[in-house]
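Number of protein chains: 2
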Amino acid sequence: MDIRSLCLGALMAGDASGYEIRKMFEDGVFSYFQMASLGSIYPALTKLSQDGMVTFTEQEQENRPDKKVYRLTPEGRRTFLRTLFQTRPGEDRYRSDILFMLSFADELPVELCEALIDEYAVRHESMLDRISPAKNQPSLPENSSEKNTPDDPACAFVSGLGDAVCRATLDFIDKNKDSFLRELRERRLRRN
Amino acid sequence: MDIRSLCLGALMAGDASGYEIRKMFEDGVFSYFQMASLGSIYPALTKLSQDGMVTFTEQEQENRPDKKVYRLTPEGRRTFLRTLFQTRPGEDRYRSDILFMLSFADELPVELCEALIDEYAVRHESMLDRISPAKNQPSLPENSSEKNTPDDPACAFVSGLGDAVCRATLDFIDKNKDSFLRELRERRLRRN
DNA sequence: AAATTACTATATCAGTTCGATATACTATGC
DNA sequence: GCATAGTATATCGAACTGATATAGTAATTT
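What follows is the structure in structure tokens.
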């Protein structure tokens with residue numbers, strides 16, 4: 001999926017500036033499964049604008065740099081949906097420096113290994129918070145009628161999947177961290 | 001984690017050619033959490049060789065192109081481990097075209113959504129196969145003493161984590177796919 | 001009160017990396 | 001007998017990231 005399509009997808013949810021689109025990929029709805037940097041978003045929006053896929057209006061803000069708010073044209077919308085029909089989705093890819101480093105645990109100080117595992121857990125906890133903040137704050141009195149749950153079932157499905165994966169990760173660490181570190185320490189003793 | 005470090009890491013397990021290193025990232029031990037293409041591996045090995053981190057011996061093969069087998073030098077090994085100590089691991093990143101596409105399920109034909117989910121499941125099943133082929137073939141008679149389980153606890157921990165995540169994913173799909181598709185269909189009826 | 005940090009906002013660019021392609025020969029399946 | 005898949009190295013354009021520049025506000029710390 002190229003960046004132009006990612007930008008069109010971001011604009012499907014509503015008008016946005018380049019900066020706001022990046023936030024969708026940084027913290028927002030797409031952050032769990034796609035990534036896009038400003039250095040690629042701005043040129044993509046310029047190109048999309050030239051090709052008639054988006055229009056933009058320059059919004060002057062009080063004492064702030066102008067904001068270019070982009071909007072999907074009907075053709076942009078059609079093109080995006082056609083892309084979804086026709087494109088064979090690329091392979092999933094997961095990159096993790098922490099897991100790569102951890103696969104050399106046998107050569108690393110046990111303290112470093114523990115720190116890496118803890119860092120991995122912390123990151124997944126904060127991800128879980130981003131995905132479903134509601135569930136982790138059980139006693140919000142009153143506003144239980146608040147629209148925390150988006151009524152889009154697609155969002156619910158995808159974020160439910162993210163939630164499940166994070167929980168499985170944390171659960172695995174919880175169940176295996178100690179025995180793993182113990183085994184590493186025993187091997188150190190045996191080697192020295 | 002830059003490609004030079006990834007190559008050094010790959011060579012920690014033993015001598016290998018560029019082609020074999022790519023296979024480690026394509027199908028092998030690292031395929032679950034790192035990726036590297038030939039277009040980056042070959043230049044990296046050349047550079048590492050110039051810097052004295054690796055040496056190589058050209059192996060003539062019968063009727064095949066020569067094979068350059070690279071080997072970590074003591075300095076290469078030291079440098080790699082120092083990198084692991086000093087580098088703050090980068091953020092995990094997960095990219096999935098399928099999940100991105102699925103997040104627009106509300107605008108897509110339900111059949112396409114189902115195909116996407118099925119494809120996602122199939123890919124995770126084959127990944128599970130790669131991670132732990134033993135568990136999925138329950139009745140291998142005889143060779144139960146076979147060394148399927150590597151005795152490196154780090155590999156076991158990391159691949160155990162991959163296993164747990166794949167299973168959680170498949171489990172989630174199993175439990176939620178039907179109700180999700182049903183809800184999509186109902187919304188279509190309500191809209192038309 | 002001043003200074004530092006964080007945020008909003010656009011834009012560019014060097015360096016890295018991917019994906020495709022070229023080359024060349026083998027092995028296997030149909 | 002032919003096509004496809006595999007082994008093996010190498011290169012290159014296109015895409016993308018991460019850093020940096022610019023410029024101002026808001027919030028927090030000292």
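In order, the protein sequences belong to chains A and B.
Just so we're aligned: the first sequence equals residues 1 to 192 in full-length UniProt numbering.
Just so we're aligned: the second sequence equals residues 1 to 192 in full-length UniProt numbering.
Using N, Cα and C, we set each Cβ at its ideal position, and we do this for glycine too.
Just so we're clear, the structure is a prediction, and the values are computed from it rather than from any experiment.
A straight-line Cα-Cα distance of about 39 Å links M127 (chain A) and T46 (chain B). Residue nearest to R4 (chain A) within the set A:S49, A:R167, A:A154 is A:S49 (criterion: CA-CA distance).
When 9 Å is used as the limit between beta carbons, T169 (chain B) is near these residues of chain A: L161, A164, V165, A168, in chain order.
Taking a beta-carbon distance threshold of 9 Å, Q59 (chain A) does not count as an interface residue toward chain B.
Around the beta carbon of Q34 (chain B), 16 or more other beta carbons lie within 10 angstroms, which makes this residue buried. Separation of R78 (chain B) and Y94 (chain B) (C-alpha to C-alpha, rounded to the nearest whole angstrom) is 30 Å. Scanning chain A for C-beta atoms nearer than 7 Å to the C-beta of M101 (chain B) yields L84, P89, reported in chain order. With a threshold of 16 other beta carbon atoms within 10 Å, S96 (chain B) meets it and is buried. Contact check for D129 (chain A) against A154 (chain B) fails: the beta carbons are separated by 9 Å or more. For D106 (chain A), the residues of chain B that pass the 8 Å Cβ criterion are D152, P153, A154, in the order they occur in the chain.
DSSP places F80 (chain A) in the helix class (H, G or I) of the three-state scheme. The three-state reading of DSSP puts Y32 (chain B) in coil, since its state is none of H, G, I, E or B. In the assembly as shown, S103 (chain A) is a buried residue. Its beta-carbon has 16 or more other beta-carbons within 10 Å. Using a Cβ distance threshold of 9 Å, M101 (chain B) and T73 (chain B) do not count as a contacting pair.
Under the Cβ distance rule, V158 (chain A) counts among the residues neighbouring chain B, one pair being separated by less than 9 Å.
In its chain, beyond the 5 residues on either side, S5, L8, G9, M12 have a beta carbon closer than 7 Å to the beta carbon of F80 (chain B).
Put simply, the CB of S40 (chain A) is far from chain B, with every gap to its CB atoms at 9 Å or more. Here V69 (chain A) is bridged, per DSSP, to A:T57.
Shown here, R4 (chain A) sits in a helix according to DSSP, grouped into three states.
Secondary structure at R130 (chain B): helix, using DSSP grouped into helix, strand and coil.
Between F172 (chain A) and L161 (chain B), the CB-CB gap stays under 9 Å. The beta carbon of H124 (chain A) lies closer than 7 Å to those of C166, T169, L170 in the same chain, with the five residues before and after it left out.
Around R188 (chain A), no beta-carbon contact reaches into chain B at under 7 Å, the shortest distance being about 11 Å. C-alpha of T87 (chain A) to C-alpha of L112 (chain B): approximately 11 Å in a straight line.
Residue burial annotation: G76 (chain A) is buried, with at least 16 other C-beta atoms found within 10 angstroms of its C-beta. Annotation for R88 (chain B): no beta strand (DSSP E) segment contains it, and DSSP assigns it neither H nor E.
Residue-level contact check: N176 (chain B) touches chain A, since one or more beta carbons of chain A fall below 9 Å from its beta carbon. Within the DSSP bridge table, the entry for R95 (chain B) names A:R93 as partners. Under the three-state reduction of DSSP, A16 (chain B) is assigned to strand.
Contact with chain B is absent for R191 (chain A), since none of that chain's Cβ atoms lies less than 9 Å from the residue's Cβ. The Cβ of Y32 (chain A) sits closer than 9 Å to at least one Cβ of chain B.
Counting only Cβ-Cβ distances below 9 Å, D92 (chain B) has contacts in chain A at Y94, R95, S96, D97, I98, L99, Y120, R123, H124, M127, in chain order. Here L181 (chain B) is actually not in contact with V122 (chain B); their C-beta atoms are around 17 Å apart, not less than 8 Å. Within the same chain, and ignoring the five residues on either side of L184 (chain B) in sequence, the residues whose Cβ sits closer than 8 Å to its Cβ are A105, D106, V110, C113. Within chain A, the residues P153, F157 have their CB atoms less than 7 Å from the CB of F180 (chain B), given in chain order.
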